[in-house]
Structure formats: structure tokens, C-alpha cells
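Heads up, the thing below is written out as C-alpha cells.
Residue numbers (mature numbering (1 follows the signal peptide of the UniProt record, and there is no 0)): -18 to -1, 1 to 398.
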């Protein structure tokens, strides 16, 4: 764990915007901030399968949001004392639980962000509910966070399994790939993905011929048993749907190409893919692969300007998880600024029902019913290498999926 200080050591007081229309900042004695400061916590995978898509660059995205907030508000900022705490949950639910408790209790964290790995995210949501502290999920896709395990203090940003399946599963099936073989990692995310994709495929007139759960984490990196099975099924599947992500997706695709499944008539559909996956595999390894994306860095000028700044800081282009962490941190800070307090219940009320248009969220809205943050999503396709004219610009957007279609309606299982 490391602590990133984003304030000069000499800062002596938190600044508070006057609550009744007054112009200047108030003294620290009048501050309505806990501890006269704001502490953001980034809890994610910093050493495993999701290191590249999230990891230290999610921390950098949050730091950028803090810097931009300070620049925007200057001396009128509710406080200039804003710090970041980080921890590696190693994709293990028990460690995520421990680290979340430490962040809230010992580190004074007001908001936890990110948390890839659905089983870990569920633990953090439980802790947030118990502590009455805020948690913005970015990295986990499970729909349980807006279903049976929804709670007042948890908000679900970025994406979920329904969005991914509704985009990729439905569209791929409607384009003619009717018969599927589904391979998924055997934990909460993978199980949710298998269920969501199976529902989307069936609704579009397709059929899941077979499905297998691979170990997670798959420490051997070997998927040959599953991949060699696919072309031998009767009938033969039109497409292999892989629900692996991060480094595990990279291993699946490498072995898919090694065993020449495409040449054997089995196409490839990817449930969840990040820009860093394409960069690692190279566009040729994935050329023509269609998937659903929550955000793309070169979609328009606004995205590109953010991506240029991010690249200057990190040397890479941002994934949608990085952009979502930036957006979530910004929206939280702006809510605190407007309210003049970091009281969790007050901030929840301020966020519920809010409409947002920022660098990540297009046609965004925070649903009060379940705290799902809905927004436009995108059906994307990997370019062949011959069409790539700039490093990292590996994708073309086939169509925008409107926010109202991209996400499921609120679940009756969610009882705030």
C-alpha cells in the first residue's frame, strides 16, 4: 500500500465554500468535512490478471481528477487537502474485505473506487453498507450490485454483464452466429457473464451448445482442454464466446490462434475486452473481433484530449476503466463541493437522479432506484493491422448503443 499526497505539506486548513451564497472560503473551524479533508481510496488489482486494465493507472486517473478539481475551483474549493490511499486486493474477496475495512476505519477514506473482480466487489459493497461509507464500483461487472446486493452507499459505474451480453451476444447472434460454445472463469463475474450471455443468445434466436467453467485464477495459463473441445462438438459451434478478461483473455486468444480454431470454422466473440488486451495481443490476433465497449479513447475530440493528457502522465492510452475512475472521482468531488460536506447520506441524495455528460458518461444518469449509472455504450470491432495508423488506435466503433438500451431496467431484487 502506498499513500499519495496531493497537497503541499504546509496546508494548515481545509477550505469550505460558504453555504448560504457567500463568496469566500470559510475557516477550518467551520468545516463540514470529516477530518477537514477528503480521502479517496483506490482498491484494485496491482499485481495480477487485471493489473494493466486497472492497477496503478486507475490511481493516476483519480489523481488527475483531483488536480483538475483543484485547478477548476482554486481558492473556492471546499478543501485543498485531498489525498489518495491505494491497496492491492490481489483479486481475493477476503483481502478486499480486509483492505476496505482498513481504508474506512484506519485511513479515513471517504470513498472507495474501482475494485475489479466481482466477488471482491461484493465484499466491499457489504463493508460500505455496514460502515455507511461510499463505494463507487468501476472494475466489477456483476449485476448483483444493482440487484440483490444493492445498498444505499454503493454506486455501479462503467459497465456490467448485461451491457456486455446485450451488445455482443445479441448482435453476434443476429449476424448469423447461432450456435455457441461458452468458456468462462469460475467465479462470480464469469458465472454472471455466462448467464447473461446465454440469455442474450437465446433471446436473439441462438443456442448455447456447451459451456465450461475454467479455474480462476488459472495459474497454469492452459486452456487447451477447452479449446480443442470446441471444433469436435456436434453440431460444431459457429463461435467460441470467451468470458475471460485481462491476462487470462490474452492466454485464451493466443491459444485460440495457436490451435487455428478460426480456420476450423469456429469464430471468436469476446465478452469483455480492454484496450490493453488488444495492445498486448496485437490487432492481427484479434482482427475482426466484435465486442462491447463502455468508452473509447479516440471516439471524439473530448475523449482524445483526455487520452492525450493521460498518455503524457502514464505513457499509455486509457482503458474505459481508467476514464471511468476519473469521471467517478470528479463527480464525487463536485457533489462534495456543491453540498459543502462529505457526509455520505447528503452526497447520496445529491447524486441520486443526477444527469451527467462528461468525458466518460454520455447521456449519463444515476438511477435513484438502484444506483446504476447508465450511459451510452458502443459496439466495437478490432481493426486489422493494415488499417491501424496510430499506436493504440486499434478499434472502430460500429454503432452507439443508447443508454436506455445498453442497461437492464431496475431489478425487483434491489430493495434500497
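Positions of the beta carbon are idealized from the N, C-alpha and C atoms, including for glycine.
No experiment lies behind these values; they were computed from the predicted model shown.
Here DSSP, grouped into helix, strand and coil, assigns residue 304 to helix.
Taking C-beta atoms under 8 Å as the contact rule, residue 189 and residue 176 fail to qualify, at a distance of about 14 Å.
Residue 89 and residue 378 have their C-alpha atoms spaced approximately 42 Å apart. When DSSP reads this structure, residue 138 sits in a beta bridge with 119, 354. Residue pairing of residue 337 in beta bridges, as defined by DSSP: 347. For the pair residue 386 and residue 314, the Cα-to-Cα distance works out to about 23 Å. Under DSSP, residue 197 shares a beta bridge with no residue. Distances from the CA of residue 233 to each of 38, 342, 252 were compared; the closest alpha carbon is that of 252. Beta-bridge partners assigned by DSSP to residue 359: 383.
For residue 258, the CB contacts under 7 Å within the same chain, skipping 5 residues up- and downstream, are 34, 35, 301 in chain order. Distance from the CA of residue 357 to the CA of residue 343, rounded to the nearest whole angstrom, comes to 6 Å. A residue is called buried once 16 or more other Cβ atoms fall within 10 Å of its Cβ, and residue 206, having fewer, is exposed.
Rounded to the nearest whole angstrom, the C-alpha separation of residue 28 and residue 78 is 12 Å. Here residue 68 carries a strand assignment [DSSP, helix/strand/coil].
Taking a contact as a CB-CB distance under 8 Å, the pair residue 70 and residue 125 does not count as one, their CB atoms being some 25 Å apart. Under the DSSP assignment, residue 103 falls in the alpha helix (DSSP H) whose first and last residues are 100 to 113.
Sequence-distant partners of residue 263 (beyond 5 residues in either direction) whose C-beta falls short of 8 Å from its own C-beta, in its chain, are 232, 235, 236. Distance between residue 92 and residue 22, taken at the CA atoms: about 6 Å. Contact between residue 388 and residue 145 holds: CB atoms are separated by about 5 Å, below the 8 Å threshold.
Looking at the backbone, the Cα of residue 73 and that of residue 200 are separated by about 12 Å. Excluding five sequence positions before and after residue 241, the CB atoms of its chain that fall closer than 6 Å to its own CB belong to 209, given in chain order.
Going by beta carbons, residue 269 and residue 365 fall inside the 9 Å limit. Residues of the same chain with a CB within less than 6 Å of the CB of residue 374, apart from the 5 flanking positions on each side, are 299 in chain order. Assigned with DSSP and collapsed to three states, residue 371 falls in coil, not helix or strand. Going by C-alpha positions, residue 381 is about 7 Å away from residue 362. Contact between the segment 323 to 331 and the segment 159 to 174 is absent, with fewer than three C-beta pairs closer than 8 Å. It is roughly 20 Å from the alpha-carbon of residue 297 to the alpha-carbon of residue 229.
Ranking 198, 32, 372 by CA distance to the CA of residue 286 puts 372 first. About 11 Å separates the beta carbon of residue 140 from that of residue 308, a gap too long to meet the 8 Å contact definition.
Bridge partners of residue 224 according to DSSP: 165, 252.
With 16 or more neighbouring CB atoms inside 10 Å of its own CB, residue 152 falls in the buried class. Residue nearest to residue 122 within the set 116, 102, 278 is 102 (criterion: CA-CA distance).
Residue 23 carries a strand assignment under DSSP once its states are collapsed to helix, strand and coil. Under the DSSP assignment, residue 87 falls in the alpha helix (DSSP H) whose first and last residues are 75 to 87. Rounded to whole angstroms, the gap between the alpha carbons of residue 353 and residue 247 is 42 Å. Annotated three-state conformation of residue 35 is coil, per DSSP.
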